[in-house]
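Participant: I'd like to ask you about the structure that follows.
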Amino acid sequence: MIDLASQLGLAGAIITATIVLLREIRKQSNGVESSRKSKHSHHNGRVQALEDRTQGQIDRLENKLQTQGVQLDDLSREQSQTRTLVERQAGKLDTILEMLRR
Numbered sequence: 007m008i009d010l011a012s013q014l015g016l017a018g019a020i021i022t023a024t025i026v027l028l029r030e031i032r033k034q035s036n037g038v039e040s041s042r043k044s045k046h047s048h049h050n051g052r053v054q055a056l057e058d059r060t061q062g063q064i065d066r067l068e069n070k071l072q073t074q075g076v077q078l079d080d081l082s083r084e085q086s087q088t089r090t091l092v093e094r095q096a097g098k099l100d101t102i103l104e105m106l107r108r
């Protein structure tokens with residue numbers, strides 16, 4: 007993922023940082039949630055519903071960011087292939103121009 011970020015510049019770095027941050031939040035919230043449940047067995051239903059909705063939103067956001075990361079990876083690959091093709095064609099044009107000059 008770090009390679010991708012270096013190729014994509016700021017957008018890739020932001021996406022990478024966001025995904026890493028969301029993963030850390032999820033890891034920490036899982037530990038907090040289990041300790042909280044053991045302390046408060048009479049968990050309020052509305053609070054639980056809010057936590058579930060929030061977790062669902064975080065999951066959807068993380069999935070969306072990962073999808074966008076894959077799309078950026080595909081675009082980066084296509085850009086690299088296009089750059090290679092253009093360089094190859096430029097080399098052919100240079101050869102043709104050189105032949106015409108002779």
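For the sequence shown, our numbering gives the first residue as 7, with consecutive numbering after it. A virtual CB, placed ideally from N, CA and C, is assigned to each residue, including glycine. Since we're looking at a predicted model, the values are computed, not measured.
State the CB to CB distance for the pair Gly18 and Leu78, rounded to an integer number of angstroms; the pair is presumed to be in contact (CB under 8 Å).
Facilitator: Their Cβ separation, rounded to whole angstroms, is 6 Å, which keeps Gly18 and Leu78 in contact under 8 Å.
Participant: In whole angstroms, give me the CA-to-CA distance for Gln54 and Ile20.
Facilitator: Whole-angstrom Cα-Cα distance: 31 Å.
Participant: Could you tell me which of Lys33, Ser35, Thr73 and Arg59 sits nearest to Thr22, measuring between CA atoms?
Facilitator: The shortest Cα separation from Thr22 among Lys33, Ser35, Thr73 and Arg59 belongs to Thr73.
Participant: Under 8 Å by Cβ, that's how I've got Leu71 and Thr24 pegged, so tell me the actual separation to the nearest angstrom.
Facilitator: With 8 Å as the limit, Leu71 and Thr24 qualify as a contact, their Cβ atoms being about 6 Å apart.
Participant: Do the CB positions of Glu57 and Leu28 come within less than 8 Å of each other?
Facilitator: The answer is no: Cβ separation not under 8 Å.
Participant: Would you check if the distance between the CB atom of Ile111 and the CB atom of Arg94 is smaller than 8 Å?
Facilitator: There is no way to answer for residue 111, as the model of the chain reaches only from 7 to 108.
Participant: Out of curiosity, what's the CA-to-CA distance linking Thr90 and Val76?
Facilitator: Approximately 21 Å between the Cα atoms of the pair.
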